[in-house]
Structures are given as structure tokens and as C-alpha cells.
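> Please find one structure pasted underneath; my questions will follow.
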């Protein structure tokens, strides 16, 4: 099986992941006690990037109706910028539970999963800036960005799946079969097992 190598500077180490998630979770716990949405939303965006490998524009464009959380499905559907193709992205049951909690907690009723204070949805730049903010607060290297979270998901999934490159490519949207219709009932059990193993 061919070896897949990602330079270490492109993804977060286990220690960096722990620092980032602990910083976000502590802020989330404090904010929830005060009924403040922002840190919870930011925490979910970061965990979604780490737990799915979504591109920043895919996170910004994600709608509530794109999520399928019933019956243990834990999948979402994203499409490219031009709307020419769609793909199914799976995530862990732990992340699914966090999304459900966020939907009950969030203040603004919007078709988009992540509305901003003044718009229906967060801009790409806004998401990039909030991720950079939490990277700085957590004390990890400032050269990391939301793209680092996508790379981190890729390398962790690669290891958790027993070095299954095709599985990683499928999750990230590389070399996919172009489709106009998606069957969300087709859940990849091997991918599900690897995602649960990652613990995000």
C-alpha cells in the first residue's frame, strides 16, 4: 500500500489538538451558563472542521437541512461552489450530539447552521478569523489556520482507517464521482468506525 505523507507543520499534533479543544470547551461551558452563543458556535465550527475535514466555504454554506442526524445517520451533504456536484460527509456520533445541542441553544433562527450577528450566515473570512482567534488563545503555533484543521482531519482519518487513502479522499471530496443526486442512506460502515475511533 502506498505511503501518504503530510508534512508535520501542516497539521496539529495531538498536544495542539488538546490545547485547542480544551480552550474552546472551557469558554463554551462558561458562555452556556450565561446564555451566550458565540463561544459554543465557535467551538462547534472548530470541532466540525477537525471532525469532518470540510473546506471553509463548505462550513459557511452549511444549512440545517443539509444535516441528517436521525436514526444514527450522522451525515451531512455539501456541494461545490457552482452547485455542480454534491457529496455525503460522515461524522461521529459525539459530533452529532453536539450539533443537536447547539441547534437547541442557538439564539437566531436561520436556515444556515452558523448565522452571524448581522447576516444569515458567517462569511468565509469571518470563519477564518474566528479560528485564528482560538488558535492564538490556545497558545499553539500561529502559523496554523482552518486549513490546518482540514489537514489534521485527513491525517487522523488516514491513521484511524488503517492507512486507507481512498476512504480519506472520499471524505475530503477528492476524486469523487460527480453526482446531482445523493443517497444519504448509503453510510460507509468502515468510515463510520474510523470516525468514532478518532474521538472527535
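Residue numbers (this note's numbering): 605 to 804.
Each residue gets a CB set at the ideal place from its N, CA and C atoms; glycine is no exception.
All of these numbers come straight from a predicted model, not from anything done at the bench.
Rounded C-beta distance between residue 750 and residue 624? I'm assuming under 8 Å.
In the chain shown, counting from the first residue as 1, residue 750 sits at position 146. In the chain shown, counting from the first residue as 1, residue 624 sits at position 20. Between residue 624 and residue 750 the Cβ distance is about 12 Å, and since that is not below 8 Å, they are no contact.
> Residues bridged to residue 690 by DSSP?
One-based indexing of the chain shown puts residue 690 at position 86. According to DSSP, which records beta bridges pairwise, residue 690 is partnered with 683.
> Look up residue 624 in the DSSP assignment and say whether it is helix, strand or coil.
As a position in the chain shown, residue 624 is number 20, starting the count at 1. Here residue 624 sits in helix by DSSP.
> Taking its Cβ as the centre, do 16 or more other Cβ atoms sit within 10 Å of residue 652, making it buried, or is it exposed?
One-based indexing of the chain shown puts residue 652 at position 48. By the neighbour-count rule (16 or more Cβ atoms within 10 Å), residue 652 is buried.
> So, using beta-carbon positions, are residue 673 and residue 639 closer together than 8 Å?
The residue labelled residue 673 in the question sits at position 69 within the chain shown. The residue labelled residue 639 in the question sits at position 35 within the chain shown. With contacts defined as CB atoms closer than 8 Å, residue 673 and residue 639 fail to qualify as a contacting pair.
> Cutting at 7 Å between CB atoms, please list the residues of its own chain near residue 801, excluding the five before and the five after it.
Taking the first residue of the chain shown as 1, we reach residue 801 at position 197. Excluding residues within five positions, the ones whose Cβ falls inside 7 Å are 764.
> CB residue 731 to CB residue 649, shorter than 8 Å?
Indexing the chain shown from 1 puts residue 731 at position 127. Indexing the chain shown from 1 puts residue 649 at position 45. Yes, these two residues count as a Cβ contact at 8 Å.
> Just tell me which of 681, 654, 676, 632 has its CA closest to the CA of residue 565.
What is shown of the chain runs 605 to 804, which leaves residue 565 out entirely.
> For a minimum of 3 consecutive residues, which ranges assigned as the beta strand (DSSP E) are wholly contained in the segment 659-738?
DSSP runs (the beta strand (DSSP E)) wholly in the segment 659-738: 679-683, 690-694.
> When we look at the beta-carbon of residue 724 and count the other beta-carbons within 10 Å, is it buried (16 or more) or exposed?
Mapped onto the chain shown, residue 724 falls at position 120. Result: exposed.
> For the alpha helix (DSSP H) containing residue 762, list its first residue and its last residue.
Along the chain shown, read from residue 1 onward, the residue named residue 762 stands at position 158. From DSSP, the alpha helix (DSSP H) with residue 762 extends over 750-764.
> Anyone know if the C-beta pair for residue 655 and residue 696 falls short of 8 Å?
Taking the chain shown and counting its residues from 1, one reaches residue 655 at position 51. Taking the chain shown and counting its residues from 1, one reaches residue 696 at position 92. For residue 655 and residue 696, yes; Cβs fall inside 8 Å.
> For residue 768, does the three-state DSSP call read helix, strand or coil?
Here residue 768 refers to the residue found at position 164 when the chain shown is read from its first residue. Residue state, collapsed to three classes: coil.
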